[in-house]
Amino acid sequence: MWKPPARIKHTTRPGLWPDRQEAKTSRLFSPVTIGPLSLASRTWIPAMVPWRASPDGYVTDDVLAWYGRFAEGQPGAIVVEATGIRDVPSGPLLRIGDDRFIPGLTDLVEVVDRASDGKTRLFIQLIDFLTIRRRPSPDAFFGKYLTITDRHRDALDLRDAEDAIVRERFLQLDGNTLEEVLDARELESLRLGYRERVTDTHLDHIRDLPEVLPNLFSAAALRAQQAGFDGVELHYAHAYTMASFLSALNNRDDGYGKTRGGRVRMPLEVYAAVRDRVGGDFPVGCRFLSDDCIPEGTGIEDAAWFAVQFAEAGMDFLSLSRGGKFEDAKTPKVGDAIYPYTGPSGYECMPGYISDEAGPFGRNLEPAETIRQNIRNAGFNIPVVAAGGIHGFEQAEAVLTSGQADIVGFARQALADPDWFRKVASGRGTDVRLCEYTNYCEGLDQKHKQVTCQLWDRTSLDDADCRPSSDGKRRLEAPRET
Ligand SMILES: Cc1cc2nc3c(=O)[nH]c(=O)nc-3n(C[C@H](O)[C@H](O)[C@H](O)COP(=O)(O)O)c2cc1C
Ligand code: SF4
């Protein structure tokens, strides 16, 4: 992963822990409403993909164990990982693109309810993403993927040559000549792997996204409702389809790009379709970016404006993230796919302990405050969720009392210690296993390996209740206290 050049090492600093009484009267452990729903506390585990679904996208026992273990800690809410809304193969990523996924998801709802003693509310994050291919070898790219055109023939002075001859010639060209002969997208496909964008309106299925996405999202949301989830989070963040509509890089000229109003149109139409399908009493919100964190991407001013549009449309909550884009991601090795959390914007999304002066703790809080203030100034009262490097009680409490957010997200800290919430609420904060923000978990995510935490995944592998990873070397669940 990319690290800020200053390379300053920061240490987790949790501050003071409350006793049971202080926790009880804190804002963090006070209830909050999300539309018609009440959370017992203002604690939230944001979505984290653990790569534990079956190869065809079903809930597995490992998925149940992952969420069940989080639920034992009794956070106010858990958001189930980004779950694919299309009925297409997506590897071991959860899917909700067909009714056949409902029974497994119903089991998941029941497991969380049972494990949390009914104290944790469960949301599911709904995601759409476009095609992305692995970086090809030059042989594969020129041998089959590149579509040979007259432009190539002219540039290579091979006007009447057969494709095979042109392909052969390409393989002999040096980098500089390739830059003259290939266009920017062809070069990108060669050097990074083919990647579709929402602006590729010359492709029918991309041009038609405004016609298909509202139905795909709303059908998925209805399935979530049928499975018993407490609400849905529309994934409008990071490198995926909906965030790409919102991005300042979106220059679609069909009314779904260019201006702020054009860029927010698709996300609003998707929301309207979802609301139509699930009714007014089912909590629906979205996760979006306070900042794309890439050159010429969306910044805080646009994000604050989008937030008001979402609130005005009737969303029940807004969860904020930042960065996580393809545009500045690291060049993948041949055979690997580009990964949106490997560049500076990826760092902003999941900041690690090797950082700059600002450090990894709370980088998204100031933007969250600006966005929340903008929503309040416009007369809306919906809760805002902020996350990013939050691990201490005092820090979380300050987020709430200073008005930076209404709910505090703990992603990696909850992975390091799923019992954080119960321990802190009962005055046992000193027993918390603190996340060190090493991003070992994120490295596993990048390789699509079952996600675990390095602080516990080699501990007590002989325990009777130890659930091993598929490589047999790690445990999949945080150990329980004895
Ligand atoms: C392994 C892993 C998987 C993640 N998957 C998702 C995801 O599916 N959807 C999402 O919006 N964010 C995802 N994130 C980002 C987190 O939700 C969170 O925004 C980020 O880790 C920063 O918060 P933290 O410092 O509390 O960990 C993931 C993070 C990690 C570490
Ligand atoms: S591996 Fe564990 S300690 Fe390291 S960042 Fe992930 S959750 Fe935190």
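Numbering (this note's numbering), first residue to last: 290 to 771.
All residues carry an ideal CB built from backbone N, CA and C; glycine is no exception.
To the nearest angstrom, report how far apart residue i and residue j are at their CA atoms.
i      : j      : result
Ala473 : Leu481 : 12 Å
Lys622 : Phe318 : 46 Å
Ser634 : Leu419 : 19 Å
Gly393 : Pro425 : 36 Å
Lys736 : Thr490 : 31 Å
Leu689 : Pro584 : 31 Å
Arg652 : Gly678 : 8 Å
Phe506 : Cys730 : 29 Å
Gly550 : Leu654 : 26 Å
Glu469 : Arg541 : 27 Å
Asp493 : Gln363 : 46 Å
Leu305 : Ile374 : 43 Å
So for residue i, helix, strand or coil by DSSP?
i      : result
Arg722 : coil
Ala675 : strand
Thr322 : strand
His524 : strand
Glu766 : coil
Cys575 : strand
Pro757 : strand
Thr332 : strand
Arg422 : coil
Ser343 : coil
Lys313 : helix
Phe615 : coil
Ile643 : strand
Ser327 : strand
Gln684 : helix
Gly373 : strand
Arg410 : strand
Ser610 : strand
With hydrogens ignored, establish whether the beta-carbon of residue i is closer than 7 Å to any heavy atom of ligand 2.
i      : result
Arg769 : no
Arg611 : no
Leu744 : yes
Ala705 : yes
Arg701 : yes
Thr727 : yes
Cys638 : no
Cys724 : yes
Cys730 : yes
Decide if residue i is buried, meaning its Cβ has at least 16 other Cβ atoms within 10 Å, or exposed.
i      : result
Pro381 : buried
Ala453 : exposed
Ser315 : buried
Asp417 : buried
Leu460 : exposed
Leu750 : exposed
Pro672 : buried
Leu479 : buried
Thr409 : buried
Ser579 : buried
Asn539 : buried
Glu433 : Contrary to the premise, residue 433 reads as Lys rather than Glu in this sequence. Exposed, because fewer than 16 other Cβ atoms sit within 10 Å of the Cβ of Lys433.
Cβ of residue i versus every heavy atom of ligand 1: is any distance shorter than 7 Å?
i      : result
Asp351 : no
Glu683 : no
Gln414 : yes
Val721 : no
Phe599 : no
Arg576 : yes
Val781 : The structure shown does not extend to residue 781, since the chain is modelled only from 290 through 771, so no value can be given for it.
Gly698 : yes
Glu646 : no
Glu655 : no
Glu686 : no
His737 : no
Gly692 : no
His524 : yes
Gly380 : no
Met337 : yes
For the candidate residues the options, whose alpha-carbon lies nearest to that of residue i?
i      : options                           : result
Arg331 : Arg541, Lys762, Arg711 and Thr741 : Arg711
Asp402 : Tyr483, Phe518, Leu704 and Val563 : Phe518
Pro503 : Glu475, Ala561, Thr466 and Arg549 : Ala561
Gln514 : Thr466, Asp565 and Leu467         : Asp565
Ala618 : Ala600, Phe599, Met604 and Cys638 : Cys638
Pro293 : Gly632, Pro339, Thr719 and Thr438 : Gly632
Ala592 : Pro656, Ala336 and Gly362         : Pro656
Leu607 : Asp350, Ala342, Arg302 and Val368 : Val368
Asp625 : Arg422, Arg549 and Val321         : Arg422
Arg309 : Thr548, Arg552, Phe682 and Asn540 : Phe682
Asn465 : Glu457, Leu476 and Arg456         : Leu476
Ala404 : Ile664, Asp387 and Tyr356         : Tyr356
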